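Asker: Below is one structure. I have some questions about it.
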Amino acid sequence: MRDLILRSIVLLIAVTMLANITTNTSHAVTDDNPLLAKWEGPYGGIPPFDRVQVPLFKPALEAAMAEQLAEIQRIANDPEPPDFKNTIVALETSGSALDRVSTLYGVWGSTMATPDYQAVQREMAPRLAAFSDQITQNEALFKRIEAVYNSPAKRGLTPEQQRLVWLYYTNFVRAGARLSPEAKKRLSEINQTLAGLYTKFGQNVLAEETDQFIVLKSEEELAGLPQSIRDAAAAAAESKKQPGTWVIMNTRSSIDPFLTYSDRRDLREKAWRMFVNRGDNGGEHDNNAIITEILQLRAERAKLLGYPTHAHWRLENSMAKTPEKAMELMEAVWKPAVARVHEEVADMQALADKEGAKIKIEPWDYRYYMEKVRKAKYDLDQNEIKPYLQLEKLREGIFWVAGELFNFNFTPVTNVPVAHPDIRVWEVTDKTTKKHIGLWYFDPYARAGKRSGAWMNAYRTQERVNGEITTIVSNNANFVKGKPGEPVLISWDDATTMFHEFGHALHGLNSNVTYPSLSGTSVPRDYVEFPSQLLEHWLSTPEVLQRFALHYQTGKPIPQELVDKIKRTATFNQGFATVEYLSAALVDMKLHLAGDKKIDPDVFERETLAQLGMPKEIVMRHRTPQFLHVFSSDGYSAGYYSYLWSDVLTADAFGAFVEGKGPYDRTVAERLRKNIFSVGNTIDPAEAYRAFRGRDPKVDALMKKRGFATKS
Ligand SMILES: [Zn+2]
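Here the working numbering = 1-based position in the sequence shown + 42.
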C-alpha cells in the first residue's frame, strides 16, 4: 500500500505492449534533439539526464511518435504474410526512440514537475493518448496480430513467444481493436479526455501539497515533537521562506509524524484536516468534478468495449480475474480488521481516560494515542528505534540482503549523469561471475515538484531481442534531508518502505526474459506487489538488524531486548493499518462497479463507508479527491485491492522460508528467483506461484501475519 510503480508514460496510457527498448535505431531525427538520441556511454548506454531541458520534451515526443507511427505503418503494410517475426517481434523492436524520451519525460513528471513542465504535460497527455489509440486501432496491424494468434504455426513457438502473442492479441482487443469505426472514434475521444483529466487531477493534488502548510511559531506549538521532527520542520521553513519558524508540510512524510507526536490536539486536528482534504477544498484545485467525469467516461468506455463495468474490464487479465473474487477477499478481511480497530480504540480511550484527558478518540488522536498504548503495553517507544535506523546503513542492509538471496553485488558509480545532485547510482553485478546485471538509481529526498510517497521506476527493461540489454531501475522516496554531515534517521515504517521498493527493484534486476513487453515488473497489477511486499520481511531478520541497525552515535547494534519488543508488537495496530487501507480499496472498487450513474464523490464516499461500518476514528488512507493511484492514471483504478491480494501471496510465500532453513535459505531463494523474480510475465502468475510453493496460496498466513482470527 505504499507506492506506485511508475512505468513509462506510454505504458501508463493504454495497452502495455507499446513501450520497449531496443538497440535497433538508425534515425535521422536524432541529430538535433538530445532526448531522441540513442543512449551513449557505459553499461550499454545510459539516460542523458544532463542534457534534459523542458522545452526539448515536446519536439522530442512529437518526433518520436512520428517515427514510431512510420514503423507501425511498415509493419502493418508488410507485403509478406504475417508471422511471429515480421509482426510481433517487429512490434517489440519498434518505438525505441519514444521509449527513451518517455523515460526522461516520466522522470521529470514524477520528480521535477516545475510549472513549465506541467504546461507541457497538460498539452501532451491527450496527444500521447491519441497516439496510443492510433496504434491499437490500426486495422491492418490488428489483422496481422490476429492472424499470428490464430495461426497453427503458433504451436511451434516457445511458451514465452506464445504468451507474447496472446498478450498482444488480448491487449489490442481490450483496447478496442475490434470495434466499429464510430466506436473507435468515440473510444479515442474518451481516452484523450481522460488523459487530460488525469493530468489535472495529479497537478491539483501536487498544488495543494505544495501551497498548503502549517507554520509553527513558538515552543508551545512544538510541544511533544522530538528533535528530528523539529529539525525537519525548521528545514521546511527555510524552503518555504518562513525563517525563524517551523513548517509542517502537507505531505504524508510530514503529517504522520506530527500526528504521532504533537501534544497540541488543536494543531493535530488542523494538520489532519489539511491533509485529508487535499483536492476537496473547492476552488481551482478541487478534484470532485474531475472524479465525476472520469468515472462516467470510464463507465462509458467499459460499455463500448463490451464489459459491464470499468472494474470488470480492468480485472480481466489480473490474477483475481473478476471484481467478485477481489471483493470476496476484501470482505473476508474487513470484518476481523474492523473488530480489531474497536479493540484498539478501546485501549486508547482507556488510556486517555486514565490520563484525565476528557476526550473521545477522534481521527486526529489515533496515531498519538496509538504511540502511547504502544509504550504502555509493550514498553516500546518508536523514538528508541529511530537512532538505529540510519538511511545509509539500511541501504547497505538491502544490498547485503540482495547479495545473500540473489548473489548481487553493488558498487557506486559516479560516471553517469543524474537528474538532480541528490541522486546516486550503483552498478549491480553478480558476486561470483562479476557479470554486469544492471544499474540502480537512488533518489531518496523530498523536493519541490516531486510527487509524495515512494516508488520504483524502470528506465530500461532487461531483454535480449537485440542482444543482451541490461536493466536500469530506480528507487524514489521522500525522506527529509538532514543537516549536512548528519545521518538521516528514519522510522521503522520508512525502513519497511525502503525494503518494499527495493523488492520492486530486485524484481527488475533479476529479470531474465527475451521480450521487453514481458520483462521484470510488467506483470498483472495484483501480482506486482508480491515481490516487493515479500522483501519487507527481511528488515526484521536478526542478520539485518545486527549488522545494519546501528546506533548513529555509538555504532552499536540495536539491543536484542529492543528487537524482541519490536517482534512482540508485530501485529500491534494492524486493525488501523488494514482498515485505513482496505476502506480505500473498497471505495475504489465500488466506485468502479457503480456503472455510469453520475457520482458525487463526497456523497458516494460517505454513504459507502457508512454501509461498510467504517470506524469513525479512521479515515481512508487516500480519500477519493486525492486518490492518485486511482485517478492520476488508469494504473491502480479498480486495482487498489492489489496490495491485499499480493499480500496473501507474500505471507504464504514467506512461509516457504520459515518451513525451510529460515529467511536466508539458499534453496528456497533460488526457487524464488527461478519461478518468481526472473520470469517477468512470461508465464501465468498462478502457475508461477504453484511452481514456487508446490500449491496454491492460502489466506491463513495473511490473517495470522496481521493477528486476525481465522474461521477454520
Ligand atoms: Zn509496491
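We treat Cβ as the ideally placed atom computed from N, Cα and C, and that holds for glycine. Since we're looking at a predicted model, the values are computed, not measured.
1) Could you check whether the Cβ of Ser-574 sits closer than 7 Å to any heavy atom belonging to ligand 1?
2) Going by the beta-carbon positions, is the gap between Thr-475 and Ser-561 smaller than 8 Å?
3) Could I get the ranges of all uninterrupted beta strand (DSSP E) runs contained in the segment 400–448, with 3 residues as the minimum, in chain order?
4) With distances taken between CB atoms, is the gap from Ala-341 to Thr-351 smaller than 8 Å?
5) DSSP state of Leu-206, grouped into three classes?
6) Are there any heavy atoms of ligand 1 lying less than 7 Å away from the beta-carbon of His-549, as far as the coordinates show?
7) May I ask whether a heavy atom of ligand 1 can be found less than 7 Å away from the beta carbon of His-788?
8) Just mark Ala-161 as buried or exposed, buried being the case when its beta carbon has 16 or more other beta carbons within 10 Å.
9) Which one of Val-257, Ala-265, Pro-705, Lys-477 has the shortest CA to CA distance from Lys-283?
10) Got a sec? Which residues, its chain only, sit under 8 Å from Gln-163 by beta carbon, not counting five neighbours each side?
11) In the DSSP assignment, what residue or residues form a beta bridge with Thr-454?
12) Inspect the beta-carbon positions of Asn-457 and Pro-89 and report whether they are closer than 8 Å.
13) My output table needs one value for Ser-68: the three-state DSSP class, helix, strand or coil.
14) On the DSSP bridge list, what partners appear for Pro-223?
15) Hey, quick one: how far does the beta strand (DSSP E) through Gly-480 stretch, first residue to last?
16) Whose CA, out of Met-107, Val-131, Tyr-159, Asp-125, lies closest to the CA of Leu-140?
17) Which complete beta strand (DSSP E) runs does the segment 352–401 hold, if anything under 3 residues is left out?
18) I need the straight-line Cα distance from Leu-170 to Gly-137, nearest angstrom please.
19) Sorry if obvious, but does the Cβ on Glu-571 come closer than 7 Å to a heavy atom of ligand 1?
20) Please name the residue in Lys-716, Thr-709, His-664 whose C-alpha comes closest to that of Val-621.
21) For the putative contact between Arg-356 and Ala-751, defined by C-beta atoms under 8 Å, what is the C-beta separation to the nearest angstrom?
22) Buried or exposed: where does Leu-744 fall if 16 or more other Cβ atoms within 10 Å of its Cβ makes it buried?
23) Within a Cβ cutoff of 8 Å, which residues of the same chain sit near Thr-72, ignoring the five residues on either side of it in sequence?
24) Considering Cα atoms alone, identify which of Leu-248, Pro-285, Leu-628 is closest to Ser-494.
25) Could you check what DSSP says for Ser-675 in three-state terms: helix, strand or coil?
26) Taking 7 Å as the cut-off, is the CB of His-542 close to at least one heavy atom of ligand 1?
27) Using a Cβ-Cβ cutoff of less than 7 Å, which residues in the same chain neighbour Leu-60 once the five nearest sequence positions on both sides are dropped?
28) Is it buried or exposed, Ile-401, if we count other Cβ atoms within 10 angstroms and call 16 or more buried?
29) Which residue or residues does DSSP assign as beta-bridge partners of Ala-500?
30) Identify every residue that forms a DSSP beta bridge with Leu-258.
31) Could you please give me the residues that DSSP links to Leu-7 through a beta bridge?
Answerer: Judging by the given coordinates:
1) Residue mapping note: residue 574 aligns to position 532 of the sequence shown, counting from 1. Answer for Ser-574: yes, Cβ within range of ligand 1.
2) For the purposes of this step, residue 475 is taken as residue 433 along the sequence shown, with counting starting at 1. For the purposes of this step, residue 561 is taken as residue 519 along the sequence shown, with counting starting at 1. Not closer than 8 Å, so no.
3) none
4) Start at 1 with the first residue of the sequence shown, and residue 341 comes out as number 299. Start at 1 with the first residue of the sequence shown, and residue 351 comes out as number 309. Cβ distance < 8 Å, so Ala-341 and Thr-351 count as in contact.
5) The residue you call residue 206 lines up with position 164 of the sequence shown. Correct three-state label for Leu-206: helix.
6) Position 507 of the sequence shown holds residue 549. No; taking the cut-off as 7 Å, the Cβ of His-549 has no heavy atom of ligand 1 nearer than that.
7) Look at the range of the chain in this structure, 43 to 754, and you will see that residue 788 is not part of it.
8) Locating residue 161 in the sequence shown gives position 119, where the first residue counts as 1. Label assigned to Ala-161: exposed.
9) In the sequence shown, counting from the first residue as 1, residue 283 sits at position 241. That would be Val-257, whose Cα lies nearest to the Cα of Lys-283.
10) Start at 1 with the first residue of the sequence shown, and residue 163 comes out as number 121. Taken in chain order, the residues that qualify are Gly-151, Ala-155, Thr-241, Gln-245.
11) Here residue 454 refers to the residue found at position 412 when the sequence shown is read from its first residue. For clarity, residue 454 is Pro in the given sequence; the question names Thr instead. Its beta-bridge partners are Trp-468.
12) Stepping through the sequence shown from its first residue, residue 457 is reached at position 415. Stepping through the sequence shown from its first residue, residue 89 is reached at position 47. Not a contact, by the Cβ cut-off of 8 Å.
13) Here residue 68 corresponds to residue number 26 of the sequence shown, with the count starting at 1. Residue confidence is low: Ser-68 scores 35 on pLDDT, short of 50, so the model does not pin down where it sits. Its coordinate-derived value is still stated next. Coil at Ser-68, not helix or strand.
14) Position 181 of the sequence shown, counted from the start, is the residue given in the question as residue 223. DSSP output for Pro-223 lists no bridge partner at all.
15) Taking the first residue of the sequence shown as 1, we reach residue 480 at position 438. 478–487 is the span of the beta strand (DSSP E), which, as asked, contains Gly-480.
16) Along the sequence shown, one-based indexing puts residue 140 at 98. Of the candidates Met-107, Val-131, Tyr-159, Asp-125, the one whose C-alpha sits nearest the C-alpha of Leu-140 is Met-107.
17) none
18) In the sequence shown, counting from the first residue as 1, residue 170 sits at position 128. In the sequence shown, counting from the first residue as 1, residue 137 sits at position 95. Roughly 13 Å separates the two Cα atoms.
19) Residue mapping note: residue 571 aligns to position 529 of the sequence shown, counting from 1. Yes, since a heavy atom of ligand 1 falls inside the 7 Å radius drawn around the Cβ of Glu-571.
20) For the purposes of this step, residue 621 is identified with residue 579 of the sequence shown, where counting begins at 1. Out of Lys-716, Thr-709, His-664, His-664 has the C-alpha closest to the C-alpha of Val-621.
21) Translated into positions along the sequence shown, residue 356 becomes position 314. Translated into positions along the sequence shown, residue 751 becomes position 709. With a Cβ gap of about 32 Å, Arg-356 and Ala-751 do not count as contacting.
22) Taking the sequence shown and counting its residues from 1, one reaches residue 744 at position 702. Result: buried.
23) The sequence position of residue 72 within the sequence shown is 30, counting from 1. Any reading at Thr-72 needs caution, since the residue's pLDDT is 48, under 50, leaving its predicted position unreliable; the model's value is listed next. Excluding sequence neighbours, Thr-72 sits near Leu-78, Ala-79, Lys-80, Ala-139.
24) Position 452 of the sequence shown, counting from 1, holds the residue named residue 494. Ser-494 has its Cα closest to that of Leu-248, out of Leu-248, Pro-285, Leu-628.
25) Here the question's residue 675 lines up with position 633 in the sequence shown. Three-state DSSP puts Ser-675 in coil, outside helix and strand.
26) The count along the sequence shown starts at 1 and reaches residue 542 at position 500. It does: the Cβ of His-542 is within 7 Å (strictly closer) of some heavy atom of ligand 1.
27) Translated into the one-based positions of the sequence shown, residue 60 becomes position 18. Caution is warranted here: a pLDDT of 29 is assigned to Leu-60, below 50, making its placement in the model unreliable, and the coordinate value is therefore given only provisionally. Cβ within range, chain order: Val-52, Gly-137, Ser-174, Ile-177.
28) Mapped onto the sequence shown, residue 401 falls at position 359. Result: exposed.
29) Residue numbering aside, residue 500 sits at position 458 when the sequence shown is read from its first letter. Paired residues: Val-515.
30) For the purposes of this step, residue 258 is identified with residue 216 of the sequence shown, where counting begins at 1. Looking at the DSSP assignment, Leu-258 forms a beta bridge with Trp-288.
31) The displayed coordinates of the chain run from 43 to 754. Any statement about residue 7 would go beyond what the structure contains.
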